[in-house]
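K.L.:
Residue numbers for the sequence shown follow the UniProt record's numbering, so the first one is 1 and each next one is one higher.
Where is the CB? At the ideal position from N, CA and C, for every residue including glycine.
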Amino acid sequence: MSTNHEFYSTMKEKGDGMKKNKKGFTLVEIIVVLVIIGILMALAVPAVMSYVRKAADTKLISEARSVMVASKEKGIELVKKQQLDLLATDENMKDIMKRSEVEGTLMEIYKNKANNGAGDFIVLIGETYIRYDDQQQKYEILTSYDNLFVKANEIHLALIKGEPLSIIQAFIDQKDKAFINSEGANAGNSLRKALNDAGIASGYDYSFRIYASKSDNNYTITISERKVTLEDIKKGNKVKVIQYDYSGNNGFSGTPRVKTANASVKLGEDSGGTQDDYAALKLDDIKDWEVISQ
């Protein structure tokens with residue numbers, strides 16, 4: 001009897017254990033499983049997203065390469081016509097995009113270093129900006145883009161109206177030939193303040209140089225993509241500039257000829273020729289201006 005009782009007790013315990021197992025996972029076990037799944041997801045999702053992003057970038061760069069090929073073809077045509085200076089006109093940039101068969105907008109394009117063909121450019125495809133570096137033959141996906149042409153045009157328009165134009169006119173009326181550097185102590189500071197006070201083209205992240213010669217009927221406004229510094233002089237840095245050339249218009253009126261180039265930086269001076277400790281755009285030695293519009 002004792003043996004039968006022990007056997008019965010053992011079987012009952014096993015049966016009770018099986019009944020408990022049928023109840024499923026405990027709350028703690030479920031939480032542990034969820035935590036493990038969460039960790040696996042955290043590890044897997046970035047890898048998957050990275051793969052998707054790389055695939056998208058590869059497609060964008062492939063399309064940018066088509067734009068590069070089209071730009072080189074266009075450059076060769078313009079060289080034959082002796083019109084390479086017109087590479088960056090709106091008409092030619094649209095033609096490059098049409099040839100490339102890529103849906104997008106060519107934002108900027110420049111001549112190559114040898115000045116015998118097309119070079120660097122920035123193209124907008126979808127919502128992504130891609131920069132092509134001609135010297136390194138590399139493509140770069142940009143995280144942001146501040147269109148130099150749009151920015152420069154805003155500054156330029158602000159300089160030729162209201163108080164800024166009055167300051168410019170009062171200064172150039174003093175001499176037959178006069179120029180204003182944005183970092184200079186002459187009218188440069190007054191102009192910068194007038195722009196900031198008006199909330200137009202405000203900020204200190206760019207430089208400008210205004211030149212006026214009444215005897216030569218030569219009037220230009222040149223704006224750089226960033227503020228120039230004395231460090232640029234030491235290192236021999238260059239900066240991209242856009243120039244609005246009103247020459248022949250008897251002042252800052254009418255439609256200017258718009259050009260772009262890479263400019264050096266020099267030690268500033270006022271119209272009297274006195275040098276001071278500030279940086280200014282050096283424009284006299286530029287021989288390869290590219291015409292944007294005329």
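Grouping DSSP H, G and I as helix and E and B as strand, with all else coil, what is aspartate 288?
P.N.:
Within the sequence shown, numbered from 1, the residue matching residue 288 stands at position 288. Coil at aspartate 288, not helix or strand.
K.L.:
Alpha carbon to alpha carbon, how far is leucine 60 from isoleucine 39?
P.N.:
Reading the sequence shown from its first residue, position 60 is the one you call residue 60. Reading the sequence shown from its first residue, position 39 is the one you call residue 39. Whole-angstrom Cα-Cα distance: 32 Å.
K.L.:
Excluding five sequence neighbours on each side, which residues of the same chain lie with their C-beta closer than 8 Å to the C-beta of threonine 222?
P.N.:
Mapped onto the sequence shown, residue 222 falls at position 222. Hits under 8 Å: Phe208, Arg209, Ile210, Tyr211, Val241, Ile242, Gln243, Tyr244, Ala263, Leu281 and Leu283.
K.L.:
Hey, out of Asp277, Glu108 and Glu101, whose CA is closest to valine 150's CA?
P.N.:
Counting from 1 along the sequence shown, the entry for residue 150 is found at position 150. Taking each of Asp277, Glu108 and Glu101 in turn and checking the Cα distance to valine 150, the smallest one comes out for Glu108.
K.L.:
Quick check: serine 71 and phenylalanine 121, are their CB atoms within less than 8 Å of each other?
P.N.:
Taking the first residue of the sequence shown as 1, we reach residue 71 at position 71. Taking the first residue of the sequence shown as 1, we reach residue 121 at position 121. Yes, they are a contact pair.
K.L.:
Is the beta carbon of aspartate 205 sitting closer than 8 Å to the one on lysine 227?
P.N.:
As a first step, residue 205 is located in the sequence shown; it is residue number 205 there, counting from the start. As a first step, residue 227 is located in the sequence shown; it is residue number 227 there, counting from the start. Against a cut-off of 8 Å, the Cβ pair of lysine 227 and aspartate 205 comes out as a contact.
K.L.:
By the 10 Å Cβ neighbour count, where 16 or more other Cβ atoms means buried, how is leucine 78 classified, buried or exposed?
P.N.:
The residue given as residue 78 occupies position 78 in the sequence shown. By the neighbour-count rule (16 or more Cβ atoms within 10 Å), leucine 78 is buried.
K.L.:
Excluding the 5 residues preceding and the 5 following lysine 113 in the sequence, name in chain order all residues of the same chain whose CB lies nearer than 7 Å to its CB.
P.N.:
In the sequence shown, the residue the question calls residue 113 occupies position 113. Hits under 7 Å: Gly119 and Gln135.
K.L.:
For threonine 220, count neighbouring C-beta atoms within 10 Å of its own C-beta (all shown protein chains included) and say buried if the count is 16 or more, exposed if not.
P.N.:
Numbered from 1 along the sequence shown, position 220 holds the residue referred to as residue 220. Buried, by the Cβ-count rule.
K.L.:
With a cut-off of 8 Å, does the C-beta of isoleucine 122 fall near any C-beta of chain C?
P.N.:
Structure shown: chain C not included; a single protein chain is present.
K.L.:
Give me the Cβ distance between glycine 268 and glycine 184, rounded to the nearest whole Å; I'm assuming they're in contact under 8 Å.
P.N.:
In the sequence shown, counting from the first residue as 1, residue 268 sits at position 268. In the sequence shown, counting from the first residue as 1, residue 184 sits at position 184. The Cβ separation is near 5 Å, so the contact holds.
K.L.:
Return helix, strand or coil for phenylalanine 171, following the three-state DSSP convention.
P.N.:
What you label residue 171 is simply residue 171 of the sequence shown in a count that begins at 1. Helix, per DSSP.
K.L.:
Taking the runs of the alpha helix (DSSP H) that are 4 residues or longer, which of them lie wholly in the stretch 71-118?
P.N.:
90-100
K.L.:
Thinking alanine 158 and glutamate 290 are a contact (beta carbons under 8 Å), I'd like their distance in whole angstroms, please.
P.N.:
Residue 158 sits at position 158 when you count from the first residue of the sequence shown. Residue 290 sits at position 290 when you count from the first residue of the sequence shown. Taking a contact as a CB-CB distance under 8 Å, the pair alanine 158 and glutamate 290 does not count as one, their CB atoms being some 24 Å apart.
K.L.:
Just how far apart, CA to CA, sit glutamine 83 and alanine 279?
P.N.:
Against the sequence shown, residue 83 aligns to sequence position 83. Against the sequence shown, residue 279 aligns to sequence position 279. In a straight line, the C-alpha of glutamine 83 is about 33 Å away from that of alanine 279.
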